[in-house]
Amino acid sequence: MSPGIGGEAALAQLEGARALLDKGDFAQAERIYRAVLDRIPGETEATNFLSMQLLARGQKSDALKLLEQAIQLKPGDSVLRRSRGLVHLQANQLDEALIEFRDALKLAPDHYIARLLLGDTLARMGNSHGALVNYFGALVAAQLKGQWRDLQTTPPWQRQLVAHATAYVVAGRRELFSRCLEPLRATYGRDTLTRVEAALSMYLLDVAPSYQDDRQRPSFLYIPELPTHPYFDPQKFDWVAELELKTADIRAELSAVLASGEKLDPFHDIATDRIPDYLGGTSPTRAWDTYFFYRHGILLESHGTQSPLTLAALDALPLTRIRDHAPESLFSVLRPGTEIKPHRGVTNARLVVHLPLVIPEDCALSVGGEMHVWKEGQVVIFDDTFEHAAWNRSEHVRSVLIADVWNPYLDKVEQQAIGSLIAAIGDFNQDCGINKM
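Under our numbering, think of the first position of the sequence shown as 5, with each following residue one higher.
The following block contains the structure:
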């Protein structure tokens with residue numbers, strides 16, 4: 005509310021009403037809120053409080069009338085629409101409540117209370133998946149804003165519903181993600197998925213992660229009981245020698261790409277204002293550029309057509325293939341004077357492969373605190389769930405081919421199970437409007 009005629013006085017009254025609410029004096033606060041509405045009809049905070057008081061007294065029609073008068077004056081107010089939805093919900097008018105909560109979210113997509121109530125409405129209507137999606141989305145959005153993390157950050161009137169939503173989400177996600185593994189359990193037996201089941205339990209926070217190496221911290225999914233190393237011996241992978249033999253052909257295709265003048269993309273679409281979070285170095289034009297062959301598991305056909313030998317070499321590898329997620333395979337071009345700051349990968353289910361193509365002096369990689377200096381044509385394989393960083397302190401471009409392959413200690417059934425699980429988690433998060441795992 006902007007101060008206007010009577011506005012400054014109303015602002016003072018609102019502050020006074022809030023102070024009374026903090027003291028538990030609801031009766032006096034109500035009188036002040038009514039005075040505010042006399043000064044400014046339709047004022048959101050006063051209307052919302054008074055309508056909820058009427059609703060608590062069982063005066064649903066009066067609460068609805070008050071809200072409708074305010075909405076006529078302020079049709080784009082998401083809080084008023086949410087409150088009208090709550091009146092409908094209390095009256096078990098579920099279709100009307102559904103409309104109001106959805107409209108509130110159209111007006112304010114981050115309105116987590118409206119989303120929580122939408123989840124409750126869908127649960128009452130028997131739409132269990134819709135309820136699960138909206139409960140989870142509401143909890144994530146609220147907690148990102150510091151709300152609903154504990155009793156102190158949850159207003160008393162919201163606590164019962166937040167607790168219900170939390171329990172619903174815990175049970176619902178466990179059932180949903182476990183269900184995607186059921187066909188493999190039925191075919192191969194539960195014992196074949198022991199490590200994957202344990203990974204799911206850790207992801208859902210049913211049990212605390214237990215890492216074999218304290219340096220290892222996947223940002224998403226940890227598969228326990230896999231042999232753990234920052235670097236893996238390339239000589240133990242039967243496809244490495246063949247890949248190294250193709251270095252000259254792949255380098256020639258990289259040179260053609262760079263010479264073509266085609267614009268490369270920044271790695272992970274880093275926004276300009278966030279570049280300092282990911283990249284350091286001495287150059288004011290520092291950059292980490294990419295030319296993807298597979299991006300989020302999808303083949304960029306035009307790139308493959310332009311670099312057919314590189315694509316064929318990639319497809320000969322045991323690439324991590326997970327719908328909408330993997331592989332991620334690319335030319336990685338690190339510009340002069342650029343350092344990639346320490347970061348971690350998403351899961352130890354995969355390993356990262358580098359085929360160095362153009363390596364100037366003073367370029368290196370560090371994984372788990374152990375440094376490796378690239379040598380052109382010599383593959384390096386590492387587990388990127390260890391903190392890792394890279395740098396190009398030279399005056400020339402550094403280029404490598406990057407691919408992600410399955411961790412060799414996973415068998416085919418485990419690979420299939422992990423693929424199904426990650427796809428299911430990704431689908432659910434997308435339904436919730438959440439980009440990260």
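Even for Gly, the Cβ is constructed at its ideal location relative to N, Cα and C.
Item                                                                                                                                                              : Value
Alpha carbon to alpha carbon, how far is F386 from P234? Give it in angstroms, no decimals.                                                                       : 6 Å
Taking 8 Å as the threshold (C-beta atoms), are R354 and L314 in contact?                                                                                         : Note that residue 314 is Thr in the sequence shown, not Leu. Against a cut-off of 8 Å, the Cβ pair of R354 and T314 comes out as no contact.
Can you give, in chain order, each stretch of the alpha helix (DSSP H) that sits fully within the region 290–366 and has at least 4 residues?                     : 305–310 and 312–319
Should L247 and A317 be called a contact, given that it needs their Cβ atoms to be closer than 8 Å?                                                               : yes
From this set, Q239, C184, A74 and T191, which residue's C-alpha is nearest S424's C-alpha?                                                                       : C184
Please classify L225: is it buried, with 16 or more other beta-carbons within 10 angstroms of its beta-carbon, or exposed?                                        : buried
Hey, would you say R348 sits closer than 8 Å to S214, going by beta carbons?                                                                                      : no
Could you work out which residue in R85, V261 and L120 is closest to A167 when comparing CA atoms only?                                                           : L120
Quick one, are the C-beta atoms of L338 and N411 less than 8 Å apart?                                                                                             : no
From the DSSP output, which residues share a beta bridge with G193?                                                                                               : Answer is none; G193 lacks a bridge partner.
Please list, in chain order, all residues of the same chain as A421 whose beta carbon is under 7 Å from its beta carbon, the five residues on each side excluded. : L185, L188, L197 and V200
Is DSSP giving N433 helix, strand or coil here?                                                                                                                   : helix
Tell me whether R153 is buried or exposed, calling it buried when 16 or more other Cβ atoms sit within 10 Å of its Cβ.                                            : exposed
Where F297 and T309 are concerned, what is the direct C-alpha to C-alpha distance, given to the nearest angstrom?                                                 : 10 Å
Threshold first: 4 residues or longer. Then list the alpha helix (DSSP H) segments lying entirely within the region 366–395, N to C.                              : none
Could you tell me which of A135, S87 and D408 sits nearest to A169, measuring between CA atoms?                                                                   : A135
So the candidates are I326, R88 and P270; which of them puts its Cα closest to the Cα of I426?                                                                    : I326
CA-CA distance, P231 and D431?                                                                                                                                    : 30 Å
Residues in the same chain with beta-carbon distance under 6 Å from Q216, minus the five sequence neighbours each way, listed in chain order, please.             : T232
Report yes if the CB atom of T342 is closer than 8 Å to the CB atom of G285, and no otherwise.                                                                    : yes
Can you find the residues in the same chain that come closer than 6 Å, C-beta to C-beta, to Y139, ignoring five residues on each side of it along the sequence?   : G123, A169, Y172 and V173
Going straight from the alpha carbon of P7 to that of D81, what length do you get?                                                                                : Low confidence applies here, because P7 scores a pLDDT of 44, under 50, leaving its location unreliable and the question unanswered by this model.
By Cβ distance below 7 Å, which residues in the same chain neighbour A252 in space, the five residues on each side in sequence not counted?                       : none
Report the option in D435, E418 and I429 whose CA atom is closest to the CA atom of T191.                                                                         : E418
Over what stretch of residues does the alpha helix (DSSP H) that includes L93 continue unbroken?                                                                  : S82 to Q94
Out of L71, H392, F271 and P228, state which residue places its alpha-carbon closest to the alpha-carbon of R219.                                                 : H392
Should T289 be labelled buried (16 or more other beta-carbon atoms within 10 Å of its own) or exposed?                                                            : exposed
Check whether the Cβ atoms of A95 and L84 lie closer than 8 Å to each other.                                                                                      : no
Which of the three DSSP states, helix, strand or coil, is assigned to S403?                                                                                       : strand
How would you label G176, buried or exposed, when you count the other beta carbons within 10 angstroms and need 16 or more for buried?                            : buried
So, is A108 buried or exposed, given that buried needs 16 or more other C-beta atoms within 10 angstroms?                                                         : buried
Confirm, please, whether the CB-CB distance from R88 to L68 is below 8 Å.                                                                                         : yes
Rounded to the nearest angstrom, what separates I9 and L111 at their Cα positions?                                                                                : Summary for I9: the model assigns pLDDT 44, below 50, so the residue's position carries little reliability, and this model does not support an answer.
Based on DSSP bridge pairs, tell me the residues matched to V409.                                                                                                 : L323 and L355
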